[in-house]
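Chemist: Quick note: the sequence shown uses our numbering, first residue 7, plus one each step. Where is the CB? At the ideal position from N, CA and C, for every residue including glycine. Nothing here was measured: the structure is a model prediction, and the numbers come from that model.
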Amino acid sequence: MKEPIIKSSGNVFLDLGFPPEEAAILQMRSEIMADLRKFIKSKKLTQAKAADIFGVSQSRVSDLIRGKWEKFSLEMLIALATKAGMRITLKRAA
7 MKEPIIKSSG NVFLDLGFPP EEAAILQMRS EIMADLRKFI KSKKLTQAKA
57 ADIFGVSQSR VSDLIRGKWE KFSLEMLIAL ATKAGMRITL KRAA
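Have a look at this one:
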């Protein structure tokens, strides 16, 4: 028997059953983490060089690259993105 296909809400965390307020934060964290990993890759940075730019330890950059999202608050990710020269804005959907 085939599993039914369910249309996504656009937020995988909401689809997985997280409460809406938690799902929104988790999605923001995952998007910023992905952007930071893309930044490191596109600039061909070593973990040590990325650590210098972000003002954190190399082990924190390793956690970031390995997707250990539970180790990063939304506030920390915004700070790292800002140090990478990214402009972070928050938009409220209607």
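When burial is assigned at 16 or more other CB atoms within 10 Å of the CB, is L86 buried or exposed?
Modeler: Looking at its Cβ environment, which holds 16 or more other Cβ atoms inside 10 Å, L86 is buried.
Chemist: So, for F6: in the same chain, excluding its five sequence neighbours on each side, which residues have a beta-carbon less than 6 Å away from its beta-carbon?
Modeler: Residue 6 lies beyond the residue range present for the chain, which begins at 7 and ends at 100; the question has no answer from this structure.
Chemist: Closer than 8 Å, CB to CB, is K89 near chain D or not?
Modeler: Although the question refers to chain D, the structure presented lacks it and comprises just one protein chain.
Chemist: Alpha carbon to alpha carbon, how far is K55 from T95?
Modeler: Using only the alpha carbons, I get a separation of about 26 Å.
Chemist: For the alpha helix (DSSP H) holding F19, just list the boundary residues, first then last.
Modeler: Taken as a continuous stretch (DSSP letters only), the alpha helix (DSSP H) holding F19 covers V18 to D21.
Chemist: Cβ of L80 within 8 Å of Cβ of I31?
Modeler: The answer is yes: Cβ separation under 8 Å.
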